[in-house]
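Report on one structure; see the data block that follows.
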Amino acid sequence: MGQAPQVIRPMAQAEEIDVRRVYEVCHPRWPRKPQHWYQAHPTLVLFHGATLLGFPAYSVGPPPTTLASSGETELMYGHGVYVHPDHRGKGYGQQLADARLKVCGALGLLTFVGMTQPDNAPMRAIFARHKMKTWGQVPSAYPDGAEARIYMGKP
Numbered sequence: 001m002g003q004a005p006q007v008i009r010p011m012a013q014a015e016e017i018d019v020r021r022v023y024e025v026c027h028p029r030w031p032r033k034p035q036h037w038y039q040a041h042p043t044l045v046l047f048h049g050a051t052l053l054g055f056p057a058y059s060v061g062p063p064p065t066t067l068a069s070s071g072e073t074e075l076m077y078g079h080g081v082y083v084h085p086d087h088r089g090k091g092y093g094q095q096l097a098d099a100r101l102k103v104c105g106a107l108g109l110l111t112f113v114g115m116t117q118p119d120n121a122p123m124r125a126i127f128a129r130h131k132m133k134t135w136g137q138v139p140s141a142y143p144d145g146a147e148a149r150i151y152m153g154k155p
């Protein structure tokens, strides 16, 4: 028998517990997200059979004031791409990032904004593959005190 297909789709409410487990494995020392955070921030999930491999979350909101003059009224903000450590190095992060950008385009949004730590080579490679440019830096942006680089680009 063949393996179950991988499916990327919106998270069902009952799957939030699985999403939280992956988040906690990826960032065991970071604060936990508030109850219903993943429902308030649309979350896509990648399953292989019954196993959650990873997820990205996002939100849609107004642009920073420096972009307001562009005429855009809303853009997509990425809230991480998380892949369980047991399943890294197989391209799942890229698949999840691609799926999130596909949603961005389907919503008619012209800009995506994401951020990552400077030493996160896989995420920086994903941003580069999508021709996203470094837009700025935020010191102590993460709960562990790490700096963030902000990337911006078109879906």
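For what it's worth, this note's numbering labels the leading residue of the sequence shown as 1, then goes sequentially. Using N, Cα and C, we set each Cβ at its ideal position, and we do this for glycine too.
So what's residue i in DSSP terms, helix, strand or just coil?
i	result
Ala14	helix
Gln137	strand
Ala148	strand
His130	coil
His84	coil
Between the Cα of residue i and those of the options, spot the shortest distance and give me the residue it belongs to.
i	options	result
Ala164	Val7, Glu24 and Val81	No statement about residue 164 is possible, as the shown extent of the chain runs from 1 to 155 and does not include it.
Tyr142	Arg29, Glu72 and His84	Arg29
Phe127	Gln95, Asp86 and Thr73	Gln95
Ala40	His27, Tyr58 and Leu53	Tyr58
Arg20	Met76, Pro118, Gly80 and Glu147	Gly80
Thr43	Arg100, Glu72 and Leu109	Arg100
Phe47	Val22, Trp37 and His36	Val22
Leu75	Pro63, Ala106 and Met11	Pro63
Lys131	Glu15, Asp119, Asp144 and Gly114	Gly114
Val45	Pro56, Trp37 and His36	Pro56
Exposed or buried, what is residue i when buried is set at 16 or more other beta-carbons lying within 10 Å of its beta-carbon?
i	result
Arg149	buried
Ile17	exposed
Ala125	exposed
Gly108	exposed
For the putative contact between residue i and residue j, defined by C-beta atoms under 8 Å, what is the C-beta separation to the nearest angstrom?
i	j	result
Thr116	Met123	4 Å
Cys26	Tyr82	5 Å
Original post:
Where in the segment 15-63 do unbroken runs of the alpha helix (DSSP H), each at least 4 residues long, occur, reported from the N-terminal end onward?
Top reply: Qualifying alpha helix (DSSP H) stretches, in chain order: 16-26 and 37-40.
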